[in-house]
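K.L.:
Pasting a structure here, questions to come.
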Amino acid sequence: MVKRLSFLSLWSINDELRLEQLKDQLDELKDAGLSGVIFHPRYYPNVPVYMSGEYLAILSELILYAKETGMAFWIYDENGWPSGTASGEVMRRLPDSICKSMAWDSEKERIVFSEKSAVSSLDPQAVAAFIDITHEGYRKGLNPEAFAYVTGFFSDEVAFLDGHGLTVLTGGLPWDDRFPARYREKYGEEMEACLPLLFKDGEDDGEFRVRYWEMLTDTLVSDFYQPIAAWCEAHGKKFTAHLKAEESPYFQLSYSGSAFQMLKVVETPAVDALERFPGNNYYPRIAHSIAMQQGRDTVLVEAMGGSGWGVSPQSFTDYVLWLAGHGIDTFAFHLNQLKLTTQAVKDWPPSMPSHVAWKAAFPALLADLQAKAAQLPDLTGEPDVLIVAPTRGIMAGFRPDRAMQMNEHDGSNVPDDAAGKLDVSFLALVEACHAAGLHYELSEERVVEEDGVVQDGRLWIGRRGYSCVLIADGCLWREPAFETRLAEAGVAVCHGVEALPVRAASAVESVTAAAVRQSPWQAQAPARNQLLV
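Just so you know, we're using our numbering here: the sequence shown kicks off at 127 and counts up by one.
So, in structure tokens, the structure goes:
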């Protein structure tokens, strides 16, 4: 039996702040069966000015009303997305902020560096300003009782630099002037001469690529996620965040390196699950796995963004149960518009529950989901197997020019090269474990090597012990004999699902996604246009 689900609204504040209007919609969301909101300024008209005294005064009254009515109240840490700019105020404070990148000039056979004026997630000064404006702004500006009631803060899709997909869109790579000194200190070698190996194949290219991507990943962790996590912990607030591109390790790499490194420092690990039909069975299990390993009590998903106005109660139910079957217990439904403007109608719809045709059924639907979720397998129990993702293997074969063919929204169309094949093979391995009904959790080579402890015939990652470890094709180890050492310590080390010592008959049942079938439909134009927005 899984614990009770929590349903939140990602509440899009796209109109000026009027306390009575806000209270009315908060009541509406509570009546719909939701237990709280994530207050998300989004296409906000800046009336009153974002983070101004008047803005914070109105918000304080709203939070106190939420407290009175028993609605949890999270704060989304940005006006818009991705997080990190404080609605442009960071740039106004630090007008010289830049994002640096590098690309390969194939004609001149050399690295070309470039920069643009933008706030970078790799800039400690910019991140400090973001925290001061946003987190400290709320702490100092809200009524003390209101701030005390705030559950926590939500960060959205923070990636390398300004988060806008440099590699997938341009074939370039992030750069930071601190990298050469850091590389020299860690490896005792010069970095610059090896940079072409990131863009073209050559001797020892795999080793250098892994070093680059791990250093880049560590910089995002240390310069963005850790400072915010530390602030939230110091002030008694939960911290949740989801990344962009969780759908596969290959897709993830160019945006933020490794989800396993980022989310292990996030107090409430989260994922983003888009659209209305269940996806692969890898990415929803990431946040659950990390939560179990790190001893977290909540796993969150931002769910159903872009699921469209045609989402039905049945597709909604199927989707929620699919995610709950992966150990997710807190659902932030994307999204509920404060005002259904023409912009809001097409803003990653739908606006639910307030503006869907089946709004009246929402309370009963959520109650039914609670009952059905209570019958799902309990994934807090001992897992059958830990699946190790080949993050380093994908890093070693990654070519940014080839990544440009991917779909920037869902990561489809991965290139058919060495790194892409490892990605496809790994996802197939996860699907095989899911189809076999195995209770699996996930990690990667680096976490296993650096955080893992072998004791009493198990591999321990934090609070989670694994007696069986399934190694995906392409995993790379710093210690060549690592797998042998695991096996000699009594851990079952397997390659391929058919070699697993546990079978589906003794494992937990998996949640099977409902088959998708288009129902008959027809449309008739009205005599006159009566659409009100």
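Using N, Cα and C, we set each Cβ at its ideal position, and we do this for glycine too.
Helix, strand or coil for A607? Go by DSSP, reduced to three states.
P.N.:
In this structure, A607 counts as coil in the three-state DSSP scheme.
K.L.:
State yes or no: is the C-beta of W484 within less than 8 Å of the C-beta of P516?
P.N.:
In this structure, P516 does not lie closer than 8 Å to W484 by Cβ.
K.L.:
For S138, which beta-bridge partners are listed by DSSP?
P.N.:
S138 pairs with H166, Q463.
K.L.:
Among the candidates K465, V617, T343, P353, whose CA atom is the shortest distance from the CA of R572?
P.N.:
Here the closest residue by C-alpha is T343.
K.L.:
In terms of residue numbering, what span does the alpha helix (DSSP H) encompassing I416 cover?
P.N.:
Element bounds for I416: 409-420.
K.L.:
Provide the residue span of the beta strand (DSSP E) that contains E570, from first to last.
P.N.:
Where E570 is concerned, the enclosing beta strand (DSSP E) stretches over 566-570.
K.L.:
Which stretch, first to last residue, makes up the alpha helix (DSSP H) that contains C358?
P.N.:
Segment 352-360, the alpha helix (DSSP H) holding C358.
K.L.:
Let me check understanding here. Comparing Cα to Cα, which of L512, E567, S243 lies closest to V619?
P.N.:
Looking at the Cα atoms, L512 is the closest of the given residues.
K.L.:
Quick one: what's got a C-beta closer than 8 Å to L389's C-beta in the same chain, skipping five residues either side?
P.N.:
Closer than 8 Å at the Cβ level, and outside the excluded window around L389, lie A367, L369, P395, A396, I412, A413, I416.
K.L.:
Do you know how far the Cα of M430 is from the Cα of C97?
P.N.:
Residue 97 falls outside the range modelled here, since the chain spans only 127 to 659, and no answer is possible.
K.L.:
Can you tell me whether E508 is buried or exposed? The criterion is at least 16 other CB atoms within 10 Å of its CB, across all chains shown.
P.N.:
So E508 ends up on the exposed side.
K.L.:
Is E241 helix, strand or coil by DSSP?
P.N.:
Strand, per DSSP.
K.L.:
Tell me the DSSP secondary structure of A529 in three-state form.
P.N.:
Of the three classes helix, strand and coil, the one that applies to A529 here is helix, per DSSP.
K.L.:
Assign S593 to one of three DSSP states: helix, strand, or coil.
P.N.:
DSSP places S593 in coil when its eight states are reduced to three.
K.L.:
Run the CB neighbour count on E624, radius 10 Å, all protein chains shown included, and call it buried at 16 or more, exposed below.
P.N.:
Classification for E624: exposed.
K.L.:
Helix or strand or just coil, what does DSSP make of E146?
P.N.:
Here E146 sits in helix by DSSP.
K.L.:
Please list, in chain order, all residues of the same chain as S382 whose beta carbon is under 8 Å from its beta carbon, the five residues on each side excluded.
P.N.:
Cβ within range, chain order: V284, A285, F286, T343, L346, L369, K370, A371, M388.
K.L.:
What does the alpha-carbon distance come out to for the pair F524 and L555?
P.N.:
So the alpha carbons of these two residues sit roughly 20 Å apart.
K.L.:
Tell me whether L295 is buried or exposed, calling it buried when 16 or more other Cβ atoms sit within 10 Å of its Cβ.
P.N.:
Classification for L295: exposed.
K.L.:
Go through the segment 436-488 residue by residue and report every complete run of the alpha helix (DSSP H) that reaches 4 residues or more, in order.
P.N.:
As far as the segment 436-488 is concerned, its whole alpha helix (DSSP H) runs of at least 4 residues are 439-450, 468-471.
K.L.:
By the DSSP assignment, the beta strand (DSSP E) with Y309 in it spans what residues?
P.N.:
Y309 -> not in any beta strand (DSSP E); alpha helix (DSSP H) instead, spanning 305-313.
K.L.:
With A252 and S223 assumed to form a contact (beta carbons below 8 Å), what rounded beta-carbon distance in angstroms separates them?
P.N.:
Rounded, the Cβ-Cβ distance is 5 Å, consistent with contact.
K.L.:
Using a Cβ-Cβ cut-off of 7 Å (strictly less than) and excluding sequence neighbours within five positions of E154, which residues of its own chain qualify?
P.N.:
Closer than 7 Å at Cβ, skipping near neighbours: S480.
K.L.:
Relative to the C-alpha of V427, which residue among A470, L447, V437 is closest?
P.N.:
The shortest C-alpha separation from V427 is found at L447.
K.L.:
Among H560, M418, G267, which residue has its Cα nearest to the Cα of S186?
P.N.:
If we check each option's Cα against that of S186, G267 comes out closest.
K.L.:
How far does the beta strand (DSSP E) with W301 in it reach, from first residue to last?
P.N.:
Element bounds for W301: 299-301.
K.L.:
Within 8 Å, do at least three Cβ pairs link the segment 204-215 to the segment 253-273?
P.N.:
With the cut-off at 8 Å, the segment 253-273 and the segment 204-215 touch.
K.L.:
In terms of residue numbering, what span does the alpha helix (DSSP H) encompassing W339 cover?
P.N.:
Its alpha helix (DSSP H) spans residues 331-346.
K.L.:
Can you give me the start and stop residues for the alpha helix (DSSP H) that T517 sits inside?
P.N.:
T517 -> alpha helix (DSSP H) spans 517-523.
K.L.:
Could you tell me the alpha carbon to alpha carbon distance between V574 and S593, rounded to whole angstroms?
P.N.:
Going from the Cα of V574 to the Cα of S593 covers about 13 Å.
K.L.:
Using alpha carbons as the reference points, say which of G563, K234, S433, L596 lies closest to S569.
P.N.:
When only C-alpha atoms are compared, the closest one is L596.
K.L.:
Using a 10 Å radius around the Cβ and a threshold of 16 neighbouring Cβ atoms, would you call E635 buried or exposed?
P.N.:
With a pLDDT of 39 at E635, under the threshold of 50, the predicted position of this residue should be treated as unreliable, and no value is reported.
K.L.:
What span of residues does the alpha helix (DSSP H) with A367 cover, start to end?
P.N.:
Looking at the DSSP string, A367 is not in any alpha helix (DSSP H); the run it does join, the beta strand (DSSP E), is 364-368.
K.L.:
Tell me which residue opens and which closes the alpha helix (DSSP H) that L182 is part of.
P.N.:
It spans 179-195 - the alpha helix (DSSP H) in which L182 sits, taken as one unbroken run.
K.L.:
Report yes if the CB atom of Y275 is closer than 8 Å to the CB atom of Q469, and no otherwise.
P.N.:
For Y275 and Q469, no; Cβs fall outside 8 Å.
K.L.:
Using three-state DSSP, classify S382 as helix, strand or coil.
P.N.:
Note: S382 maps to helix in three-state DSSP.
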